[in-house]
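Enquirer:
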Amino acid sequence: TVIFSFFVVAYADRMLIHDWKNMPEPWLLWINTCILMITSYFFHKTKIASDRSENVKVKNGLFTVGFLSFTFIFGQMLVWYQLLNLGYFAASNVANAFFYMLTTIHGLHLLGGLIFWGLTISKFLKGNYRISKMQRSIELCAIYWHFLLIVWFVLFGLMLFT
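With the first letter of the sequence shown counted as 1, position 112 gets the number 92 in the numbering used here; the numbers rise by one all the way through.
(1) So for T51, helix, strand or coil by DSSP?
(2) Exposed or buried, W125, counting other C-beta atoms within 10 Å across all chains shown (16 or more means buried)?
(3) Near I95, which residues of its chain fall below 6 Å by C-beta distance, leaving aside the five closest residues on each side in sequence?
(4) Does the stretch 17 to 25 touch the stretch 36 to 47, meaning 3 or more C-beta pairs lie closer than 8 Å?
(5) Which residue from M114, L90, Q115, P4 puts its Cα closest to that of I15?
(6) Indicate whether L58 and L8 have their beta-carbon atoms separated by less than 8 Å.
(7) From the DSSP output, in three-state form, read off H(-2) for me.
(8) Can you tell me the Cα-Cα spacing of G55 and W0, whole angstroms?
(9) Can you look up Y80 in the DSSP assignment and give me helix, strand or coil?
(10) Can you tell me which of the three DSSP states W7 falls into?
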């Protein structure tokens, strides 16, 4: 939270200088936002299923969350590809550099969350678990994904309306 807060303040401060040139918002960013919202929803449903010891729903939910999370990351890479092909390089404008930096930091946090998601799902698949012990891991992962969604809303809103 502190890292994102510092970068948001730096972004807001830096955009006031005359050389700031807004970059376009590719439509794919909206799709990626929807994917992240759906991912957070499925993590919430998976947490509820784990509270009820519904193993099949937990397994399906965890796989869905993983698929959607990797889809989001792939979508972000496509956005970068589109922008780079249009000539929006990080070195050519401060606004571009901030966009790439903020989306990279967010993506790295998502990848970090996927490490813990992977540990959770591997325990589940190996059968080395009691659903009561997995509930805490699933709950913490769900909270983390909700946090990343909120951070994304702030970052996306900042980039969209500036």
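Just so you know, even glycine gets a beta-carbon here, dropped at the ideal spot from N, CA and C.
Expert: In short:
(1) helix
(2) For W125, the number of other beta carbons within 10 angstroms of its own is at least 16, and it is reported as buried.
(3) none
(4) yes
(5) L90
(6) yes
(7) coil
(8) 26 Å
(9) It is helical.
(10) coil
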